[in-house]
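Each residue of the sequence shown is one higher than the last, beginning at 397 in our numbering.
Virtual Cβ for every residue (Gly too), placed ideally from N, Cα, C.
Notes for the one structure printed next.
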Amino acid sequence: MAEGTQGMTGGEPESSDSLRTFGAVVQALREHMGMSRKELAQAVQFSEHTVASVELGRRMPDPVFVERADVALGNTGALKKAAEFLNRQPGLAAWFRRWAQMEGTAISLCTYECRLVPGLLQTEAYARAVTTSVPPRPAEEELNRRIEARQERQKLLSLERNPPCSFSFIVEQAVLERHTGGEEVTRELLDHLLDVIDRHWNVEIQVMSLRQPVHAGLDGPLRLLETPQNKWFGYSEGQKNGRLISDPKEISVLQQRYAKLRSQALTPEDSRSLLKRMRGAL
Numbered sequence: 397m398a399e400g401t402q403g404m405t406g407g408e409p410e411s412s413d414s415l416r417t418f419g420a421v422v423q424a425l426r427e428h429m430g431m432s433r434k435e436l437a438q439a440v441q442f443s444e445h446t447v448a449s450v451e452l453g454r455r456m457p458d459p460v461f462v463e464r465a466d467v468a469l470g471n472t473g474a475l476k477k478a479a480e481f482l483n484r485q486p487g488l489a490a491w492f493r494r495w496a497q498m499e500g501t502a503i504s505l506c507t508y509e510c511r512l513v514p515g516l517l518q519t520e521a522y523a524r525a526v527t528t529s530v531p532p533r534p535a536e537e538e539l540n541r542r543i544e545a546r547q548e549r550q551k552l553l554s555l556e557r558n559p560p561c562s563f564s565f566i567v568e569q570a571v572l573e574r575h576t577g578g579e580e581v582t583r584e585l586l587d588h589l590l591d592v593i594d595r596h597w598n599v600e601i602q603v604m605s606l607r608q609p610v611h612a613g614l615d616g617p618l619r620l621l622e623t624p625q626n627k628w629f630g631y632s633e634g635q636k637n638g639r640l641i642s643d644p645k646e647i648s649v650l651q652q653r654y655a656k657l658r659s660q661a662l663t664p665e666d667s668r669s670l671l672k673r674m675r676g677a678l
């Protein structure tokens with residue numbers, strides 16, 4: 397299923413026990429200090445939703461969160477020590493976990509895809525179709541774990557994040573014309589994409605038309621991420637591997653390419669019109 401959730405990349409998803417344990421420690425320390433989730437959220441400068449997600453073991457805590465929470469909850473060093481064992485996240489491949497962790501606090505995310513619809517925009521049916529298309533086909537329990545991990549990540553699109561993250565997606569028209577999973581799955585997917593556009597002012601979707609003689613994305617998919625400290629990272633993924641990119645020179649090249657891709661793709665308005673036409677044709 398690409399994007400580190402093991403569908404196209406293989407590998408065994410791991411237990412989330414360490415996340416749940418870490419979250420329980422945070423909650424226990426918070427309650428011992430007589431703090432509410434809202435008060436802890438204010439102390440660590442993260443949203444109350446993020447605090448809840450960490451305590452419930454649903455989100456990998458950002459290093460900044462760990463640092464601030466440790467201070468707010470007694471400055472014992474216990475959370476910093478416990479965070480060293482947070483090496484597992486359900487349904488996510490090892491090389492993707494660091495990127496997934498940074499996504500949780502990113503203020504900008506840019507994605508170009510030429511293989512499949514980005515995970516943050518997938519429906520459950522589409523994600524299931526993609527996962528079962530690429531050998532080896534996982535067992536049902538493992539498949540469900542991967543789907544759940546993908547659905548959980550889609551909460552990143554929420555406008556309740558403070559501040560909301562700004563998303564830019566560029567997707568090849570050919571990806572949508574492939575009809576992965578069949579026409580019914582594709583109809584639902586197109587409806588979902590249009591719904592995301594209508595409901596999320598922080599999400600911009602552009603379609604790269606089938607005919608594009610000059611194309612800046614011929615080297616493959618790329619992703620860029622901006623942290624709250626305005627530092628940029630990149631991520632690239634292939635068959636059973638992925639790479640986090642932090643070198644400023646490499647990031648500069650990726651930013652130049654993405655800027656060119658945005659100018660070559662259909663405008664957001666024209667992309668929306670194309671998606672509506674494609675939906676009407678099914």
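Between the C-alpha atoms of GLU427 and VAL447, what's the straight-line distance to the nearest angstrom?
13 angstroms
Alpha carbons only, please: which of SER554, GLN550, ALA523, MET431 is nearest the one belonging to LEU539?
ALA523
With DSSP collapsed to three states, give me the class of GLN635.
coil
Note down, in chain order, each residue of its chain lying with its Cβ closer than 7 angstroms to the Cβ of HIS596, except the 5 sequence neighbours on either side.
LEU553, LEU555
Rounded to a whole number of angstroms, what is the C-alpha to C-alpha distance between HIS611 and GLN602?
14 angstroms
Does the Cβ of SER648 have 16 or more other Cβ atoms within 10 Å, making it buried, or fewer, making it exposed?
exposed
Mind checking which residues open and close the alpha helix (DSSP H) that includes ILE543?
536–549
Would you kindly work out how many angstroms separate the C-alpha atoms of ALA535 and ARG549, rounded to a whole number?
22 angstroms
I believe LEU475 touches VAL462 by the beta-carbon criterion, under 8 angstroms. Please report the beta-carbon distance rounded to the nearest angstrom.
5 angstroms
GLY613 classed as buried or exposed, judged by whether at least 16 other C-beta atoms fall within 10 angstroms
buried
If contact is defined by three or more beta carbon pairs under 8 angstroms, each pair taking one atom from either stretch, is the stretch 496–508 in contact with the stretch 557–571?
yes
On the DSSP bridge list, what partners appear for GLU580?
None; GLU580 has no bridge partner.
Closest by C-alpha distance to GLU665, when choosing among PRO514, GLU633, LEU590
LEU590
Let me confirm a value: GLY515 is counted as buried when at least 16 other C-beta atoms fall within 10 Å, else exposed. Which label applies?
buried
What residue range is occupied by the uninterrupted beta strand (DSSP E) comprising ILE503?
Here ILE503 belongs to no beta strand (DSSP E), and DSSP marks it neither H nor E.
Assess contact between the stretch 577–594 and the stretch 620–628, defined as three or more Cβ pairs (one per stretch) separated by less than 8 angstroms. Is contact present?
no
Under a Cβ-count criterion, where at least 16 other Cβ atoms within 10 Å of its own Cβ denotes burial, should ASP458 be classed as buried or exposed?
buried
Extent of the continuous alpha helix (DSSP H) run through VAL447
444–451
Using DSSP's beta-bridge definition, name the partner residues of ARG619.
THR507, TYR631
Selection from LYS645, LYS434, PRO560, GLU544 that minimises the alpha carbon distance to ASN392
Because the chain in this structure spans residues 397 to 678, residue 392 falls outside the shown range and cannot be described.
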